[in-house]
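Worksheet for the structure shown next.
Numbering (the numbering used here), first residue to last: 217 to 318.
Here it is in structure tokens:
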């Protein structure tokens, strides 16, 4: 059984046992998180929400709270002696899906 969940402004297709990185969620490592914004449930029968599937939920365990690799943001205007170099590391939460229930 799989589900399409919505978190952090994005949608993810998850099933039990999956590990995924989502936008940073509050909580400590080892705590449980419940998602109730389920857009679709799949398996033998498919349930599509309008916009959400009623009564469905996905539970997950927080595996890590970390920051992604650094990306370089470089702004440049030719012939104007304008250069700006900045780095950015986006925080994320790594989850392990423990259950999908209808």
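Quick reminder that beta carbons are idealized off the backbone N, C-alpha and C, glycines included.
Residue 280 sits exposed, since fewer than 16 C-beta atoms from the chains shown fall within 10 Å of its C-beta. Look at residue 306 here: in three-state DSSP terms it is coil, with no helix or strand label.
Boundaries of the beta strand (DSSP E) around residue 293: 287–293.
For residue 235, same chain residues with a beta-carbon under 8 angstroms away, outside a window of 5 residues either side, are 279, 310, 311, 312, 313 in chain order.
Residue 267 and residue 296 have their C-alpha atoms spaced approximately 50 angstroms apart. The three-state secondary structure of residue 268, taken from DSSP, is coil. The beta carbon of residue 247 lies closer than 6 angstroms to those of 278 in the same chain, with the five residues before and after it left out. In this structure, residue 307 sits near residue 240, with a CB-CB distance shorter than 9 angstroms. For residue 239, the enclosing beta strand (DSSP E) begins and ends at 235–239.
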